[in-house]
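All remarks here apply to the structure that follows.
Residue numbers (the working numbering): 86 to 296.
Here you go:
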């Protein structure tokens with residue numbers, strides 16, 4: 086029975102100037118129910134690609150025009166780099182290693198075992214799905230922070246720095262009871278079940294803002 090593929094399903098982007106290789110890879114990947122979009126050059130891929138799409142990239146290193154390595158470097162600079170698997174011939178292994186250092190996830194030498202390639206693709210898509218879930222969660226934390234008042238933000242920063250209610254109260258010139266009330270509202274608005282959870286949320290949001 087053919088699996089119906091939906092528009093929001095993950096996509097495997099195959100970028101290879103060898104038409105026979107593109108066709109072979111497309112057939113193999115579609116045979117296990119995955120969506121495939123194939124391109125004969127890096128430029129053709131870039132014309133159709135945009136941030137936010139869910140998928141992984143299967144990329145040949147040596148291509149006319151923009152090489153696979155140059156494509157990786159461009160995608161990384163633009164913060165658009167999906168999990169990428171390099172398909173390489175034996176003589177291109179040094180280049181494939183450079184690609185790993187540029188941000189590729191893995192490389193597979195030709196001729197390759199079909200299951201080895203499919204396992205690598207499944208792994209790449211699983212990593213991308215987890216990254217998307219994590220990114221969405223951090224965005225939600227950041228949205229919760231936006232609902233805090235300036236004083237609640239101040240208290241949250243001090244609480245997550247490890248300062249006690251008494252220390253915070255002395256610094257702000259208010260009572261410890263007032264700080265307890267602010268702290269309770271922070272925990273409620275952030276939907277944090279513990280101080281440790283609140284600290285993790287704050288760290289995640291700060292890391293996101295520093296990117």
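Note that CB positions come from ideal geometry on N, CA and C, so glycine has one too. Please read all numbers here as calculations on a predicted model, not as lab measurements.
DSSP beta-bridge partners of residue i
i: residue 97; result: 121, 141
i: residue 197; result: Its beta-bridge partners do not exist; DSSP assigns none.
i: residue 171; result: 144, 192
CB contact flag (residue i, residue j, <8 Å)
i: residue 181; j: residue 187; result: no
i: residue 96; j: residue 122; result: yes
i: residue 184; j: residue 150; result: no
i: residue 190; j: residue 219; result: no
i: residue 244; j: residue 207; result: no
i: residue 99; j: residue 143; result: yes
i: residue 251; j: residue 261; result: yes
i: residue 127; j: residue 106; result: no
i: residue 139; j: residue 213; result: yes
Sequence-distant residues of its chain with Cβ nearer than 6 Å to residue i (five each side left out)
i: residue 296; result: Unreliable placement is indicated for residue 296, whose pLDDT of 48 sits below 50; the coordinate value is still reported in the next sentence. If we look at residue 296 and ignore the five residues flanking it on each side, it has no Cβ neighbours.
Neighbourhood of residue i by C-beta distance below 8 Å, restricted to the same chain and skipping five residues each side
i: residue 103; result: 145
Classification of residue i by the beta-carbon crowding that lies within 10 angstroms, buried from 16 upward
i: residue 288; result: exposed
i: residue 217; result: exposed
i: residue 254; result: buried
i: residue 117; result: exposed
i: residue 226; result: buried
i: residue 205; result: buried
Same chain only: Cβ atoms within 7 Å of residue i, ignoring 5 sequence neighbours per side
i: residue 270; result: 237
i: residue 275; result: 229, 283, 286
Test: residue i CB closer than 8 Å to a CB of chain C
i: residue 178; result: Protein chains in the displayed structure number just one, and chain C is not present.
Counting beta carbon pairs with one atom in the stretch 224–242 and one in the stretch 195–203, are three or more of them shorter than 8 Å?
In this structure the stretch 195–203 does not touch the stretch 224–242; the number of beta carbon pairs closer than 8 Å is below three.
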